[in-house]
Ligand SMILES: Nc1ncnc2c1ncn2[C@@H]1O[C@H](COP(=O)(O)OP(=O)(O)O)[C@@H](O)[C@H]1O
Ligand SMILES: [Mg+2]
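Chains as they are written, first to last, in my numbering: chain A, 1 to 331; chain B, 332 to 525.
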């Protein structure tokens, strides 16, 4: 393992200190916690809290600020944060209008956030949650913990963040969130696994000439391993999976998001998007937004994911384009 | 008989066994999970042991409550809320001083929080047979060992290991192993009336 770190067990602490130093004008770390909140909190709106294990930067602290999240709770690397930390975030951001939790669908995250939700309710705070499960690589939820939450979560942050800023109530946001999640689907591909610093070796081994489709953002196994393909062929595979899920018709409206998993350069992400473009054109879909960048990473995993959002409501697009003041959403 | 004192001794012993087996639990979790179960558990039991050092307890109930909060706030991942819920539920019925009642409450706490049942390849596959054996007054080390081994042929349908499907078969469930340490520690104390 070769990484620019110090003692791996201090990594979370040191990263948070760095974030605090870099973005202290916009963000604030709640004392004695691993919670990052926005500095100029607006009163009278529903507050949004997200979070999860660390290692997915800029998720989620990079999306804290006006128009997106009010707080991000940072767990240990690839480990869900604990209920007391989540509760601290909820209490810090609630301004009386309630708090919505945005949770990626992993057993640990779901249970820790749920316990925090129960604790907050006991303290008289109104809380609800939206669970994101956009990873279509997992086919069956009867025999698994269900579809995982991956890159689509960032789109949920953006759309719900704008909606909250415009004054939607907790109930309205919850409904919007649940409806939106149904229309977001993601599928990924990895060409090299991530190395968790405390573990010291990659989560799985792929030969130099291999790729694996459907890998999760914590190196959960995918659905097929084969020899490395061109960007165009990978795009064909991922699009065919998405097509199967959406069963789309020509002229339907979509947003497209190519997400780098950590070690795949932006250059390759653009090459890939260009291949996606050609395939979409052949399908006659109407593309309303495109996003490219490493927003939901998996430490140093090489690979990318492709997210499609079916825009069944015009407001979703308006929320998507609404102004935002966070460190990592990009242009 | 469960007393304040032997409860602290039991859980202290549990903490020691967990710490000794950190690497092994990580190794088990790296085969069918993400390799952190040992590290997660050690963070939890260290916080628990620090609380035991710093506090005086009047009743086993308080020991369970402090344990629940320590585990809940330090473990994280899936096992944190599960162990946290178990000890929280145990605290609620600790005044009965009846070990079977207490551990059954813990088991139900885990089931409720994790929405899992037996044979899904989780810690429940150790808690359930242990509670049963205790109720029949014949909990032994070999019953605990058997329960752990019995998780091997199971296919995981809950938690992270479920994503492996068939590939989860043949390995011990890490949470089943850490729970086995809890009950080995119990056997080592004088809590069970013979
Ligand atoms: N739904 C569930 N019900 C009961 N136990 C579970 C459940 N999900 C996971 N577990 C237990 O948690 C253990 C994994 O814990 P740990 O590695 O600490 O958390 P994570 O899976 O989040 O990394 C598993 O071995 C299993 O025994
Ligand atoms: Mg684990």
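Quick reminder that beta carbons are idealized off the backbone N, C-alpha and C, glycines included.
Exposed unless 16 or more other CB atoms sit within 10 angstroms - verdict on residue i
{"i": "residue 194 (chain A)", "result": "buried"}
{"i": "residue 7 (chain A)", "result": "exposed"}
{"i": "residue 414 (chain B)", "result": "buried"}
{"i": "residue 480 (chain B)", "result": "exposed"}
{"i": "residue 224 (chain A)", "result": "exposed"}
{"i": "residue 319 (chain A)", "result": "buried"}
{"i": "residue 312 (chain A)", "result": "exposed"}
{"i": "residue 42 (chain A)", "result": "exposed"}
{"i": "residue 489 (chain B)", "result": "buried"}
{"i": "residue 228 (chain A)", "result": "exposed"}
{"i": "residue 435 (chain B)", "result": "buried"}
{"i": "residue 321 (chain A)", "result": "exposed"}
{"i": "residue 484 (chain B)", "result": "exposed"}
{"i": "residue 314 (chain A)", "result": "exposed"}
Alpha-carbon to alpha-carbon, residue j and residue i
{"i": "residue 462 (chain B)", "j": "residue 437 (chain B)", "result": "10 Å"}
{"i": "residue 455 (chain B)", "j": "residue 448 (chain B)", "result": "7 Å"}
{"i": "residue 356 (chain B)", "j": "residue 474 (chain B)", "result": "20 Å"}
{"i": "residue 270 (chain A)", "j": "residue 216 (chain A)", "result": "22 Å"}
{"i": "residue 75 (chain A)", "j": "residue 408 (chain B)", "result": "9 Å"}
{"i": "residue 423 (chain B)", "j": "residue 433 (chain B)", "result": "8 Å"}
{"i": "residue 426 (chain B)", "j": "residue 336 (chain B)", "result": "14 Å"}
{"i": "residue 46 (chain A)", "j": "residue 175 (chain A)", "result": "14 Å"}
{"i": "residue 375 (chain B)", "j": "residue 445 (chain B)", "result": "19 Å"}
{"i": "residue 342 (chain B)", "j": "residue 130 (chain A)", "result": "37 Å"}
{"i": "residue 394 (chain B)", "j": "residue 350 (chain B)", "result": "20 Å"}
{"i": "residue 97 (chain A)", "j": "residue 477 (chain B)", "result": "52 Å"}
{"i": "residue 411 (chain B)", "j": "residue 82 (chain A)", "result": "8 Å"}
{"i": "residue 344 (chain B)", "j": "residue 33 (chain A)", "result": "30 Å"}
{"i": "residue 261 (chain A)", "j": "residue 189 (chain A)", "result": "9 Å"}
{"i": "residue 276 (chain A)", "j": "residue 503 (chain B)", "result": "42 Å"}
{"i": "residue 419 (chain B)", "j": "residue 13 (chain A)", "result": "29 Å"}
{"i": "residue 369 (chain B)", "j": "residue 231 (chain A)", "result": "39 Å"}
{"i": "residue 140 (chain A)", "j": "residue 240 (chain A)", "result": "18 Å"}
Any non-hydrogen atom of ligand 1 within 7 Å of residue i CB
{"i": "residue 485 (chain B)", "result": "no"}
{"i": "residue 410 (chain B)", "result": "yes"}
{"i": "residue 505 (chain B)", "result": "yes"}
{"i": "residue 157 (chain A)", "result": "no"}
{"i": "residue 523 (chain B)", "result": "no"}
{"i": "residue 453 (chain B)", "result": "yes"}
{"i": "residue 350 (chain B)", "result": "no"}
{"i": "residue 465 (chain B)", "result": "no"}
{"i": "residue 416 (chain B)", "result": "no"}
Contact test: residue i Cβ vs ligand 2 heavy atom, cutoff 7 Å
{"i": "residue 491 (chain B)", "result": "yes"}
{"i": "residue 364 (chain B)", "result": "yes"}
{"i": "residue 140 (chain A)", "result": "no"}
{"i": "residue 109 (chain A)", "result": "no"}
{"i": "residue 208 (chain A)", "result": "no"}
CB contact check: residue i to chain B, cutoff 8 Å
{"i": "residue 143 (chain A)", "result": "yes"}
{"i": "residue 204 (chain A)", "result": "no"}
{"i": "residue 81 (chain A)", "result": "yes"}
{"i": "residue 208 (chain A)", "result": "no"}
{"i": "residue 233 (chain A)", "result": "no"}
{"i": "residue 197 (chain A)", "result": "no"}
{"i": "residue 218 (chain A)", "result": "yes"}
{"i": "residue 112 (chain A)", "result": "yes"}
{"i": "residue 115 (chain A)", "result": "yes"}
{"i": "residue 297 (chain A)", "result": "no"}
{"i": "residue 84 (chain A)", "result": "yes"}
{"i": "residue 138 (chain A)", "result": "yes"}
Residues bridged to residue i [DSSP beta-bridge criterion]
{"i": "residue 71 (chain A)", "result": "A:37, A:49"}
{"i": "residue 255 (chain A)", "result": "A:289, A:309"}
{"i": "residue 224 (chain A)", "result": "A:213"}
{"i": "residue 102 (chain A)", "result": "A:50, A:130"}
{"i": "residue 29 (chain A)", "result": "A:36"}
{"i": "residue 208 (chain A)", "result": "DSSP lists no partner for residue 208 (chain A)."}
{"i": "residue 135 (chain A)", "result": "A:186"}
{"i": "residue 304 (chain A)", "result": "A:189, A:260"}
Any chain A beta carbon closer than 8 Å to residue i
{"i": "residue 439 (chain B)", "result": "no"}
{"i": "residue 403 (chain B)", "result": "yes"}
{"i": "residue 396 (chain B)", "result": "no"}
{"i": "residue 409 (chain B)", "result": "yes"}
{"i": "residue 494 (chain B)", "result": "yes"}
{"i": "residue 370 (chain B)", "result": "yes"}
{"i": "residue 367 (chain B)", "result": "yes"}
{"i": "residue 362 (chain B)", "result": "no"}
{"i": "residue 506 (chain B)", "result": "no"}
{"i": "residue 353 (chain B)", "result": "no"}
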